[in-house]
Amino acid sequence: MSRQLRPLLRVGQGWDLHRLVEGGPLRLGGVDIPHDRSSKAHSDGDAVLHVLTDALLGAVGAGDIGQHFSDTDSRWHDADSAVFLEEAVRIARDRGFEIGMVDVTVLLERPKLSPHRAAMIARVSAILDVPAELVSIKAKTNEGLGEIGAGEAVAALAVVGLVAAGQ
Ligand code: MG
């Protein structure tokens, strides 16, 4: 027997990795972070905004970032990834959900992100149109191991919690 319950809570997760190439700045969380390397990508390569976009789309079963914003589409060449995240937020709200929280972990050997955390949280909360207290951004190194540890890549993970609007 199928049950027709409409869930009040949704959870989505996202994962992304970008190769780092010569020449900064490094764009993360909508902020240009001074560094001698940047993310190689079709868009601005903002792994934090990409994982949030994927997590939001996943939470409402709306596919993934590549489906909505193909990396072969010239419209998205060097695009500000805020455009992708704003669209994912619009889709989630269209489907009747509001953002309860987002939690991001960035894996990056250098530079240290702690001096930029407040700016990233402010920018992400503005894009999501939620209070900053609902946004968490954490950073870890990879203990010198692998491509991330060698400073050749940045990775990010996100979890988002959505609540049915009006709850
Ligand atoms: Mg990406």
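Going left to right, the sequence shown walks through residues 24 to 190 as the working numbering numbers them.
Even glycine gets a Cβ: it sits at the ideal position worked out from N, Cα and C.
Just so you know, these numbers come straight off a predicted model, no measurement behind them.
Worksheet item: Leaving out the 5 sequence neighbours to the left and right, which residues in its chain are closer than 7 Å to P48 when beta-carbon positions are compared?
Response: Contacts found: D55, I56, P57, H58 and S61.
Worksheet item: Is G89 helix, strand or coil by DSSP?
Response: helix
Worksheet entry | 7 Å Cβ shell around K163 - same chain, five flanking residues per side excluded | T128 and L130
Discussion item. Less than 7 Å between C-beta atoms, sequence neighbours within five positions excluded: which residues of the same chain meet that for A111?
Written reply: T76, L79 and L80
Worksheet item: Is A149 near the ligand MG, judged by its Cβ being under 7 Å from some heavy atom?
Response: no
Discussion item. Between the alpha carbons of L168 and L32, how many angstroms are there, rounded?
Written reply: 37 Å
Practice prompt. Decide if A173 is buried, meaning its Cβ has at least 16 other Cβ atoms within 10 Å, or exposed.
Written response: exposed
Practice prompt. Could you tell me which of D117, V74, A82 and I88 sits nearest to V147, measuring between CA atoms?
Written response: For V147, the nearest C-alpha among the options comes from V74.
Fill in: DSSP-derived helix/strand/coil call for S148
Note: S148 maps to helix in three-state DSSP.
Practice prompt. Look up E166 in the DSSP assignment and say whether it is helix, strand or coil.
Written response: coil
Worksheet entry | Span of the beta strand (DSSP E) around R60 | R60 to S62
Practice prompt. Put D96 into one of helix, strand or coil per three-state DSSP.
Written response: coil
Discussion item. Counting C-beta neighbours from all protein chains within 10 Å, is the total for L108 16 or more, i.e. buried, or is it exposed?
Written reply: It counts as buried.
Discussion item. So, with DSSP's three-state summary, where would you put S137?
Written reply: helix
Item to complete: Report the residue from V183, G84, L40 and G184 whose alpha carbon sits nearest the alpha carbon of R118.
Response: Considering only alpha carbons, the answer is G84.
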